[in-house]
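Each residue of the sequence shown is one higher than the last, beginning at 5 in my numbering. We put the CB at the ideal spot given by N, CA and C, even for glycine. Notes follow once the structure below has been shown.
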Amino acid sequence: MKIIFLGTPDFAVPSLKALHESGHRIIAAVAQPDRARNRRGQLVPTPVHAEAEALGIPFFSFERIGDNAEFLRSLAPDLMVTAAYGQILTQQVLDVPAHGVINVHASLLPKYRGSSPIQWAIADGLKQTGVTIMQTERGLDCGDILRRAVTPIGEKETAGELSARLAELGAKELVETVDEIACGKCVPVKQNESEATYCKKIVKSDGLLDFSRPADELYNKVRAFNPWPVAYTGIGGEMLKIYSCSVTNRSGVPGVLTRNGKELYVACGERSLRLEVLQLPGKRAMSAAEFLAGHPADGLKLEAPADNS
């Protein structure tokens with residue numbers, strides 16, 4: 005099949021590579037415009053841009069893909085595939101390929117429709133998640149299910165780690181779905197709208213930890229918001245990022261730090277967190293032992309930083 009691939013971040017790269025290796029022909033790869041810059045001020049290619057060039061696939065980027073439906077139509081694709089592309093497709097774009105557009109979504113639809121399903125699945129304490137290959141329609145992740153695969157969420161797994169695993173799983177399921185479409189064996193299944201749930205886009209302030217909440221809940225947030233926006237609190241008016249922690253049965257006044265040798269604890273509404281990897285502004289991430297070597301933290305209370313923007 006002749007395929008146009010649309011994706012932008014690291015999550016989309018395994019799908020692009022798997023399709024390239026599958027025997028199907030990728031006639032174009034499309035990503036969001038390059039926007040990140042290096043220290044020299046030079047634009048840095050998005051992961052899909054870089055991978056497409058490495059594989060020798062014709063590459064394009066559009067500020068608004070809806071304005072380029074006729075160009076895409078001129079390529080005469082059989083199918084379009086999206087994976088974390090980052091733009092909403094207009095009906096004119098959806099109508100371009102003969103077999104429509106399919107999407108790699110990182111949840112078990114109809115659960116966790118939206119832009120941040122990996123993070124919120126961890127934050128909500130789920131024990132399993134998965135990927136869904138779906139037919140793209142106008143609307144938020146509401147198209148027919150073409151294929152699903154389930155995987156457990158590791159007890160200590162961060163969003164970054166889970167995203168990497170789901171990207172590989174999604175790539176595998178994507179190729180099998182495209183093969184089924186090519187030979188006419190794909191059977192779409194309608195989503196059950198009564199079971200649909202939605203997850204909101206993550207913003208930096210979602211990472212703020214409220215130590216009146218149970219330790220288990222905060223532990224999930226720390227994992228969910230690693231690598232971005234990173235869970236945080238404040239100490240002495242400065243932001244303190246928390247990259248890693250674990251739950252313990254210690255008790256105390258919520259938000260108050262206590263030390264035990266080289267270990268650092270903060271009490272929560274229920275139980276406590278053992279803080280393991282921390283970072284202050286302008287400093288590198290450090291272990292609790294390193295942090296304690298330079299900060300008399302015992303008895304201090306963690307509160308929202310002065311700058312919570």
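Asked: Short Cβ contact (7 Å threshold) for valine 2 with phenylalanine 75; Found: Nothing about residue 2 can be reported from this structure: the residues present for the chain run from 5 to 313 only.
Asked: Contacts around leucine 83, its chain only, beta-carbon distance under 6 Å, and the 5 residues preceding and following it disregarded; Found: Met5, Ile7, Pro101, His103
Asked: The segment 42–57 in contact with the segment 141–151 per 3-pair CB rule at 8 Å; Found: no
Asked: Minimum C-alpha distance to leucine 304 - residue among Asp71, Arg39, Gly259; Found: Gly259
Asked: Glutamate 161 versus Arg29, His109, Gln123, residue with shortest Cα-Cα distance; Found: Gln123
Asked: Identity of the residue in Glu307, Gly265, Ala308 nearest phenylalanine 295 by Cα; Found: Gly265
Asked: Rounded C-alpha distance that separates leucine 113 from serine 250; Found: 30 Å
Asked: DSSP state of glutamate 267 mapped onto helix, strand, coil; Found: strand
Asked: Minimum C-alpha distance to aspartate 14 - residue among Leu306, Val182, Ala168, Ala200; Found: Ala168
Asked: Beta-carbon spacing of arginine 117, tyrosine 202 below 7 Å; Found: yes
Asked: At least three beta-carbon pairs within less than 8 Å, the segment 279–298 to the segment 208–223; Found: no
Asked: Beta-ladder partner(s) of asparagine 107, from DSSP; Found: Thr86, Met138
Asked: Separation of glutamate 55 from threonine 86, as counted between CA atoms; Found: 15 Å
Asked: Chain-order list of residues whose beta-carbon lies under 8 Å from that of asparagine 253 (same chain, five-residue window excluded); Found: Arg275, Ser276
Asked: Assigned secondary structure, proline 121 (DSSP; H/G/I helix, E/B strand, else coil); Found: helix
Asked: 7 Å CB neighbourhood of glycine 70 in its chain, flanking five on each side removed; Found: Thr94, Gln96, Val97
Asked: Selected residue, minimal CA-CA separation from alanine 186, among Ile206, Leu173, Gly27; Found: Gly27
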